[in-house]
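Residue numbers (the working numbering): -4 to 82.
Where is the CB? At the ideal position from N, CA and C, for every residue including glycine.
Comments concern the structure below.
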């Protein structure tokens, strides 16, 4: 597992979230866009999404609500949610 704390400070939130999706799931950079649908567009399973969430909680020092996570549909939804948790 890669250390998500290294090198993320200079990135905007989308870039940081995108990096985690790429590292955790082996996705191609060009596929991880703000409007990419998590399940239909990127084909992320529930277990894969859980791995991403765990990595994000660690990288951003936040705790995510499972009920709220179930409502997230796109990569941008995830970005906005993490930004909200960080403020």
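Outcome for residue i when other beta-carbon atoms lying within 10 angstroms are tallied against a minimum of 16
| i | result |
| --- | --- |
| residue -2 | Its pLDDT being 43, under 50, residue -2 is placed unreliably by the model, and the measurement read from it follows with that caveat. Residue -2 should be labelled exposed. |
| residue 30 | exposed |
| residue 13 | buried |
Spatially closest choice to residue i from the options, by CA coordinates
| i | options | result |
| --- | --- | --- |
| residue 33 | 79, 7, 50 and 72 | 72 |
| residue 21 | 9, 41, 47 and 8 | 47 |
| residue 66 | 52, 50 and 41 | 41 |
| residue 35 | 80, 74 and 69 | 69 |
Residue i, enclosing alpha helix (DSSP H) - first and last residue
| i | result |
| --- | --- |
| residue 79 | 70 to 81 |
Nearest-angstrom Cβ-Cβ length linking residue i and residue j, presumed shorter than 8 Å
| i | j | result |
| --- | --- | --- |
| residue 57 | residue 77 | 7 Å |
Residue i at chain B interface by Cβ criterion, 8 Å
| i | result |
| --- | --- |
| residue 8 | Here chain B cannot be found, since the structure has a single protein chain. |
Taking only runs of the beta strand (DSSP E) that begin and end inside the region 10 to 61, which ones reach a length of at least 3 residues, in chain order? Runs found: none.
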